[in-house]
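Taking it in order: structure first as structure tokens, then the write-up.
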Amino acid sequence: VILLAIPLNIMVNGVLTFFYNGLVALAWGSLLVRAAMLAALLIYMNEKKLRKIARPSMHDLLHLWRKGGQIGLQMTVRSGYFAILGILVAKLGSRELAAHSLLLNVSSFLFMIPMGFNMALAILVSQSQSSHQVKTVFQHSLLLSLGLTASISLILLTVANKVLHFFTTSSEVVHLAQGLILCLPVNMLCDSLQGSFSGVLRGQGKFAPPLFASFAGLWLVALPLALFCGSSVTNIWYTLTLGSLFSVICL
14 VILLAIPLNI MVNGVLTFFY NGLVALAWGS LLVRAAMLAA LLIYMNEKKL RKIARPSMHD
74 LLHLWRKGGQ IGLQMTVRSG YFAILGILVA KLGSRELAAH SLLLNVSSFL FMIPMGFNMA
134 LAILVSQSQS SHQVKTVFQH SLLLSLGLTA SISLILLTVA NKVLHFFTTS SEVVHLAQGL
194 ILCLPVNMLC DSLQGSFSGV LRGQGKFAPP LFASFAGLWL VALPLALFCG SSVTNIWYTL
254 TLGSLFSVIC L
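According to this note's numbering, the sequence shown is numbered sequentially starting from 14.
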């Protein structure tokens with residue numbers, strides 16, 4: 014459903030922006046595609062006879078809240094940090110903010126890889142019957158994740174100039190972003206390690222350690238360093254790298 018929604022979103026947004034104001038058209042396009050995704054899932058559930066779902070008990074809801082709430086809080090910790098980071102970069106100037114936003118778009122896209130391994134690994138570990146199976150699943154996932162990260166990092170560094178010019182025609186912004194893009198391979202490596210470690214822990218029902226590791230790395234290390242050493246956007250990204258490394262060490 015998600016894969017089919019991508020070309021649908023592009024098509025709907027393209028049609029609507031042709032007839033209406035850009036921002037309003039994009040908002041309506043996203044709403045229509047979300048509604049189509051919901052309809053597709055409901056149709057699938059109806060075909061698979063999944064409509065009859067048992068009524069959850071209060072104990073089940075509280076258990077789900079405790080576990081799911083920690084995952085949601087970890088995402089809030091990460092997104093909140095990047096929101097504050099954007100404010101800090103904005104104080105440096107418009108070009109710095111543009112370069113930061115450019116790298117953040119690329120980084121967020123690449124972050125989906127370790128995030129996907131995180132989710133898959135948590136499911137596989139939870140279904141494993143022995144510690145040996147857990148170890149095997151973890152090793153295979155870690156090697157695959159690190160291999161993909163290394164390959165993508167190499168490709169990214171090779172075609173960095175073309176990737177940056179795809180987003181902007183400003184040579185000044187591209188020049189600033191080129192100095193930042195060297196941080197991406199290290200950040201991707203940290204995200205891969207953190208994703209694999211977090212997946213194993215969540216698969217074993219341990220949701221708190223990944224949350225505290227993210228909080229410590231981003232809010233107790235990276236953010237104070239950014240406030241103290243944030244005289245340039247490059248320094249701010251270096252502090253993010255140090256914070257990511259600290260999160261991995263905590264796990």
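C-beta atoms are modelled at their ideal positions from N, C-alpha and C, and glycine is treated no differently.
Leu116 and Cys263 have their alpha carbons spaced roughly 26 Å apart. Glu185 counts as exposed, since fewer than 16 other C-beta atoms from the protein chains shown sit within 10 angstroms of its C-beta.
Boundaries for Ser141: no alpha helix (DSSP H) harbours it, and the DSSP string shows neither H nor E there. Secondary structure in the stretch 20-97: the alpha helix (DSSP H) runs of 4 residues or longer, each lying completely within the stretch, are 35-60 in chain order. Comparing alpha-carbon positions, the option among Met128, Trp232 and Ser107 lying closest to Gly212 turns out to be Met128.
Beta-carbon to beta-carbon, Ala135 and Arg79 are separated by about 16 Å, too far to satisfy the 8 Å threshold. Proximity to Ser244 across Ile97, Met201 and Leu105 peaks at Leu105, based on C-alpha coordinates. Within the same chain, Gly230, Leu231, Val234 and Ala235 come within 7 Å of Gly256 by CB-CB distance, once the 5 residues on both sides are set aside. Shown here for Ser205: same chain residues with a beta carbon closer than 7 Å to its own, the five before and five after excluded, namely Pro127, Ser158, Leu159 and Thr162 in chain order. Pairing Ala190 with Met132, the inter-Cα distance amounts to about 31 Å. For Ile249 against Val102, the beta-carbon gap comes to about 6 Å, under 8 Å, which counts as contact. By the Cβ neighbour-count rule, Gly208 is buried, with 16 or more other Cβ atoms within 10 Å of its own. DSSP places Lys148 in the helix class (H, G or I) of the three-state scheme. Considering only Val28, Pro198, Cys242 and Leu86, the residue with the shortest C-alpha distance to Leu167 is Pro198. With the rule of 3 Cβ pairs closer than 8 Å, the stretch 173-180 does not count as touching the stretch 88-100. Val246 sits away from Cys203, with the two beta carbons spaced by 9 Å or more. DSSP places Ser211 in the helix class (H, G or I) of the three-state scheme. When C-alpha distances from His188 are compared across Arg108, Ala226 and Gln140, the shortest belongs to Arg108. Here Ser120 is buried, its C-beta having at least 16 other C-beta atoms within 10 Å. Around the Cβ of Pro20, a 10 Å sphere holds fewer than 16 other Cβ atoms; the residue is exposed.
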